[in-house]
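Going line by line, the protein sequences match chains C and B.
When we follow numbering that gives the first Met the number 0, the leftmost residue of the first sequence carries the number 0, and every step to the right adds one.
When we follow numbering that gives the first Met the number 0, the leftmost residue of the second sequence carries the number 0, and every step to the right adds one.
Don't be surprised by glycine CBs; every beta carbon is placed ideally from N, CA and C.
The model shown is predicted, which means the values in this text are computed figures rather than measured ones.
Protein chains: 2
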Amino acid sequence: MPFKLTILGCDSAIPTVDKQQTAQLLNVNERFFLIDCGENTQVQLRKYQLSFQRISHVLISHLHGDHYYGLIGLITSMHLLGRNKGLHIYAHEPLKEIINVQLSASNTNLNYPLFFHILPTNDEKILFKDDNVEISNFLLDHTIDCSGFLFRELSSQQKKIKEKIDEDNITSDKIKNYADYNNENNQVINNSKLTSTISNLHSYAYCSDTRFLSRIIPIISNVDVLYHETTFSEELVERAIETGHSTTKDAANIAKEANVKKLLIGHYSKRYKNLNVLLEESKQYFNNSFLTKEGDVFDFNTF
Amino acid sequence: MPFKLTILGCDSAIPTVDKQQTAQLLNVNERFFLIDCGENTQVQLRKYQLSFQRISHVLISHLHGDHYYGLIGLITSMHLLGRNKGLHIYAHEPLKEIINVQLSASNTNLNYPLFFHILPTNDEKILFKDDNVEISNFLLDHTIDCSGFLFRELSSQQKKIKEKIDEDNITSDKIKNYADYNNENNQVINNSKLTSTISNLHSYAYCSDTRFLSRIIPIISNVDVLYHETTFSEELVERAIETGHSTTKDAANIAKEANVKKLLIGHYSKRYKNLNVLLEESKQYFNNSFLTKEGDVFDFNTF
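Rendered as structure tokens:
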């Protein structure tokens, strides 16, 4: 099934003409999860032709502006464009008041329900689960409460054998829930002939913003892809600790110890004009490191 | 003295890749006033190489998001970039809480003082006055409390006669406050020989968002430039009234009756792909009409 990550923004703190703040869109079987939402994210979604009305869940890691200032605009635009489908928001508690005071000031009653789910500040738990994916939070070490998110595709899922379905003109909705299928000749086709268990379950861990934190290693171990912030290069480790951030070395060591397949880095300090400096440093410790840049798409089915 | 307006955004409601929401920067003798602040305004300021640290006053007409969602990001970036000069904000009362809950959520204590001035909702008064300019509000007719702003250059100002100053090597700070000047030979040079009263006093009226409102005509009469929203074309007058907006005809009639020199229109509904439709309509009623578009600069000294 589709499991695809689009980078909408990957820069830190202060946006500029060519540097968008953190936001990512994860497509899990055509359910869309927005992860963080820096200022101007709604325009980034348009730029990459991603319908923001299809977003069902928004997860905000923490309440520094570069991770959420775009949310109220997105919520408002969804409303103005006639959305009626509910939107689930997972964030720390103060965001609820931040949204409410703004809707109240503009005398706005949203056309659609907003379901607010408060992120725990001292607990790690499953936030969401459906047939395809389970999402849980894990605690990070930043200057304010900050949460990482872990997305795991579920093993109960089955994969359609498309050839067989086409042959018998069976539409996918008829083989849901592991049911066998009665065809037009009243022959029973066993579900196992139509589907097979997925052997390659995708997983994605999102870590922004945090100091180096070894306790997350077992939580995210063996994920396909780890996004880990790398605000600073290795030489600025003291500045990283002071400001609650990580260096390239920190991120790469987490990736290595957790035995992840790919490491994506981002949330770069503005001081780095050439991001390859960060990439090369990261690769010294974990070779399968990649820079994120606006517009990048990582399709988990291709690796 | 400089009196120059830069359009940072001139579209309504929902931002897109090439449509920025309302924001304007008025330079009055190198004091910078930001008028409204839609999402992404800080990036627009950067795009047009306008230092946002030089902004001393922000005026927010009303609390619909397309007029202020960019403010919290601007305030935060000013802080992160080390501002220590105070910032004055003129807005309706709820904005104070909106800013405070967001600063509180991120545990931010600004490096600089924020002076919040509450706009009256049933009164029209002088909001600000210095040696150069007087700014007052006037009430508009929108779906929520909304304020227009009138900028008038002050008649007490004097203009330097630059040739004379250069000849005597007199620096401008020595001839302030109408003082005569004692030169190196102890000769007294009368101030009237160094300066002359400005005969052409600039003025600017800003009206967004509002239904047609004839009572503003005497307030803004004879201004050099009127910016008046024209969300809709004439045929959608009922939609305009319903949503608290104006048509091209409304704006042009206000301009005509108020005997302004130039009319700038903006805040266009997204339905207009070709804005010349709106311009041509406006010109039917008031010939000296101009479209605003992002990046436009209107230098009041040139007309």
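Residue i to residue j span [Cα, whole Å]
i         : j         : result
Gln156(B) : Asp130(B) : With a pLDDT of only 46 at Gln156(B), under 50, the local geometry of the prediction cannot be trusted, and no value is derived from it.
Phe115(B) : Glu96(B)  : 11 Å
Ile98(C)  : Asn189(C) : 50 Å
Pro14(B)  : Gly72(B)  : 16 Å
Phe299(B) : Phe2(B)   : 6 Å
Ile54(C)  : Val27(C)  : 11 Å
Ala239(B) : Pro119(B) : 25 Å
Asn185(C) : Leu212(C) : 59 Å
His66(C)  : Ile59(C)  : 7 Å
Asp295(B) : Tyr68(C)  : 27 Å
Leu44(B)  : Glu241(B) : 33 Å
Tyr226(C) : Tyr226(B) : 47 Å
Ser76(B)  : Gln20(C)  : 12 Å
Lys292(B) : Cys9(B)   : 6 Å
Arg30(B)  : His201(B) : 15 Å
Asn100(C) : Gly37(C)  : The sequence as given places Val at residue 100(C); Asn does not occur at that position. Cα-Cα distance, rounded: 19 Å.
His56(B)  : Asp249(C) : 42 Å
Arg270(B) : Arg151(B) : 35 Å
Ile264(B) : Thr229(B) : 6 Å
Phe308(B) : Ser232(B) : Residue 308(B) lies beyond the residue range present for chain B, which begins at 0 and ends at 302; the question has no answer from this structure.
Tyr111(B) : Asn106(C) : 31 Å
Leu278(B) : Val42(B)  : 28 Å
Leu149(B) : Leu33(B)  : 13 Å
Leu113(B) : Gln52(B)  : 13 Å
Classification of residue i by the beta-carbon crowding that lies within 10 angstroms, buried from 16 upward
i         : result
Gly81(B)  : exposed
Ile117(C) : exposed
Gly85(B)  : exposed
Gln283(B) : exposed
Arg355(C) : Lying outside 0 to 302, the shown extent of chain C, residue 355(C) is not represented and no answer is given.
Phe302(C) : exposed
Gln48(C)  : exposed
Asn325(C) : The structure shown does not extend to residue 325(C), since chain C is modelled only from 0 to 302, so the question has no answer here.
Ile219(B) : buried
Glu280(C) : buried
Ile125(C) : exposed
Ser11(C)  : buried
Below-8 Å beta-carbon distance, residue i vs any chain B residue
i         : result
Leu86(C)  : no
Gln41(C)  : yes
Thr15(C)  : yes
Ile188(C) : no
Gln156(C) : Residue placement at Gln156(C) is flagged as unreliable, the pLDDT there being 46, under the threshold of 50; a coordinate-derived value is accordingly withheld.
Pro93(C)  : yes
His240(C) : The sequence shown places Ile at residue 240(C), rather than the His named in the question. For Ile240(C), the answer is no, since every Cβ of chain B falls outside 8 Å of its Cβ.
Ile143(C) : yes
Any C-beta of chain C under 8 Å from that of residue i
i         : result
Ala12(B)  : yes
Arg270(B) : no
Leu118(B) : no
His244(B) : no
Thr230(B) : no
Glu96(B)  : yes
Residue i - partner residues in DSSP beta bridges
i         : result
Val224(B) : Tyr203(B) and Lys261(B)
Val57(C)  : Leu33(C) and Ile88(C)
Val132(B) : Glu152(B)
His116(C) : Tyr89(C)
Item to complete: Check distances from the C-beta atoms of the stretch 99-116 of chain B to those of chain C and list, in chain order, the residues that come in under 8 Å.
Response: So the list reads Val100, Gln101, Ser103, Ala104, Ser105 and Asn106, given in the order they occur along the chain.
Worksheet item: Closer than 8 Å, Cβ to any Cβ of chain C: which residues of the stretch 68-80 of chain B, in chain order?
Response: Against chain C - using a Cβ distance shorter than 8 Å - the residues of the stretch 68-80 of chain B are Tyr68, Gly69, Ile71, Gly72, Thr75, Ser76, Leu79 and Leu80.
Discussion item. Closer than 7 Å between beta carbons: that is the criterion. Which residues of the stretch 34-64 of chain B meet it against chain C?
Written reply: Look at the stretch 34-64 of chain B: the residues with a C-beta under 7 Å from a C-beta of chain C are Glu38, Asn39, Gln41, Val42, Arg45, Lys46, Leu62, His63 and Gly64.
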